[in-house]
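Colleague:
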Amino acid sequence: MRPFRAILALVLLCAASSASTAEAPAIGAAAPDFQLTTVDRKPFSLSTAAKSHKAVVVMFISTQCPYSNAYNEQMKNLANTYASKGVLFVGINSNKTEDAAAAIAHAKSHGHTFPIMKDPDNKVADLYDARRTPEVYVIDPQGKLRYHGRITEDHENPASSPDLKNALDSFLTGKPIARTETKAFGCTIKRV
Amino acid sequence: MPAAAPSRLAGELDAAGFREAIAREKGHVVLVNFWATWCVPCREEFPSLSRLQERNRAAGLRVVGISTDFASQKAAVEKFLAGRRPAFPNYRKKSEGDDQDFIDAVDESWGGELPFSVLYDRSGKKVRTFSGKVPIAAAEREIRKLLAAF
Numbered sequence: 050m051r052p053f054r055a056i057l058a059l060v061l062l063c064a065a066s067s068a069s070t071a072e073a074p075a076i077g078a079a080a081p082d083f084q085l086t087t088v089d090r091k092p093f094s095l096s097t098a099a100k101s102h103k104a105v106v107v108m109f110i111s112t113q114c115p116y117s118n119a120y121n122e123q124m125k126n127l128a129n130t131y132a133s134k135g136v137l138f139v140g141i142n143s144n145k146t147e148d149a150a151a152a153i154a155h156a157k158s159h160g161h162t163f164p165i166m167k168d169p170d171n172k173v174a175d176l177y178d179a180r181r182t183p184e185v186y187v188i189d190p191q192g193k194l195r196y197h198g199r200i201t202e203d204h205e206n207p208a209s210s211p212d213l214k215n216a217l218d219s220f221l222t223g224k225p226i227a228r229t230e231t232k233a234f235g236c237t238i239k240r241v
Numbered sequence: 359m360p361a362a363a364p365s366r367l368a369g370e371l372d373a374a375g376f377r378e379a380i381a382r383e384k385g386h387v388v389l390v391n392f393w394a395t396w397c398v399p400c401r402e403e404f405p406s407l408s409r410l411q412e413r414n415r416a417a418g419l420r421v422v423g424i425s426t427d428f429a430s431q432k433a434a435v436e437k438f439l440a441g442r443r444p445a446f447p448n449y450r451k452k453s454e455g456d457d458q459d460f461i462d463a464v465d466e467s468w469g470g471e472l473p474f475s476v477l478y479d480r481s482g483k484k485v486r487t488f489s490g491k492v493p494i495a496a497a498e499r500e501i502r503k504l505l506a507a508f
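Just so you know, the protein sequences line up as chains A and B, in that order. The first sequence begins at 50 in our numbering and counts up by one. The second sequence begins at 359 in our numbering and counts up by one.
1) For Lys491/B, tell me which candidate among Val485/B, Tyr478/B, Lys437/B, Leu407/B has the shortest Cα-Cα distance.
2) Cα separation between Arg480/B and Cys397/B?
3) Could you have a look at Val241/A and say whether DSSP puts it in helix, strand or coil?
4) Residues of chain A with CB closer than 7 Å to the CB of Phe428/B, please, in chain order.
5) Consult DSSP for Lys214/A and reduce its assignment to one of helix, strand or coil.
6) DSSP three-state label for Ile165/A, please.
7) Jot down the residue ranges of each uninterrupted alpha helix (DSSP H) in the segment 98–126 of chain A, minimum 4 residues, whole runs only, in chain order.
8) Contact defined as beta carbons within less than 8 Å: I believe Val105/A pairs with Ile226/A. What is the distance between those atoms, to the nearest angstrom?
9) In whole angstroms, what is the alpha-carbon distance linking Tyr120/A and His161/A?
10) With a threshold of 6 Å (Cβ to nearest heavy atom), would Val485/B be considered close to the ligand FAD?
11) Helix, strand or coil for Arg377/B? Go by DSSP, reduced to three states.
12) With distance defined between alpha-carbon atoms, name the residue in Leu504/B, Gly469/B, Leu477/B nearest to Glu184/A.
13) For a cutoff of 7 Å on Cβ pairs, would you count Ile494/B as touching chain A?
14) In the structure shown, what three-state DSSP assignment does Pro74/A receive?
15) Taking the beta strand (DSSP E) that Gly140/A falls in, what are its first and last residues?
16) Please classify Thr426/B: is it buried, with 16 or more other beta-carbons within 10 angstroms of its beta-carbon, or exposed?
17) Buried or exposed for Asn206/A, please, with buried defined as at least 16 other CB atoms from any protein chain shown within 10 angstroms of its CB.
18) What's the call for Asp168/A, buried or exposed, on a 16-neighbour Cβ count within 10 Å?
Here it is, written out as structure tokens:
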């Protein structure tokens, strides 16, 4: 193979196997600001929301992913519980395979009252280097990232480490977050 | 009472077991594919991975599948493998322990998304990863170069 074609093939292979275009924001660094429209047609701005809340929890979610759906109840409960503590939960659906109508129906059937947004062309997912659903980011009032990762260690084990809850509880009481970054299996975000 | 059908899984792996499984294949080019029965793109690419294995087995490629399904899904895993009859061995990730420890043992750049594959050369060195489906044609070209490089 000619050298140019070999290089081009390698670049294309790298592009094909790369899930996003930006590195994930570091803990303590500025979380990328974004503006989207909720599925019920309201404007949402992360920076505006962050300034008026104790924290914003950005959740990349899916209507079809079993891993994301395994957390439907927890998402609802956490959002409702922490609302009274000044924390706003928002759901972002970046999957090209799931439209706004599906997102609305899914939210209704699972009692999700937190704002949900479609992410056209997965631009916000790319800004955050979000790879899977569910994947969550906790942003403080200054717009800095405080926690990134999973909701719990194991959705099948109720006793498993509630990492998101622990992070929020620590942050809201001014304590250091013990685990600021966590990982778990999930469904790839279906990008354009 | 009929005897239970033999498991189609080659075993269960934790992080240490994963490293041992890769080490055992030294001398071969290895493509490890992480999948789950609930993962649609995983199921979609399964047949193409089997064909990739069959085309390149004699030259020294070894495809290894690892299911990340939970213990409660074992029956679904067995049913899936019985139906697909893959041309490569499949393990199931052991259920206990922190997902993150396993994910990081495979590759620290892996965020836990599925499907996810890792390519190793004949010396056991990690060459690259694939997040999402493996782009078979391009990957096979790279695999064949690794197979040819003794």
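Glycine included, each C-beta is placed from N, C-alpha and C at the ideal position. Just so you know, these numbers come straight off a predicted model, no measurement behind them.
Modeller: Reading from the atomic positions:
1) Leu407/B
2) 29 Å
3) coil
4) Glu205
5) helix
6) strand
7) 115–118
8) At roughly 15 Å, the Cβ-Cβ gap does not stay under 8 Å, so Val105/A and Ile226/A are not in contact.
9) 11 Å
10) Absence of the ligand FAD is noted for the structure shown, with no ligands found whatsoever.
11) helix
12) Gly469/B
13) no
14) coil
15) That run of the beta strand (DSSP E) goes 136–142.
16) buried
17) exposed
18) Buried, by the Cβ-count rule.
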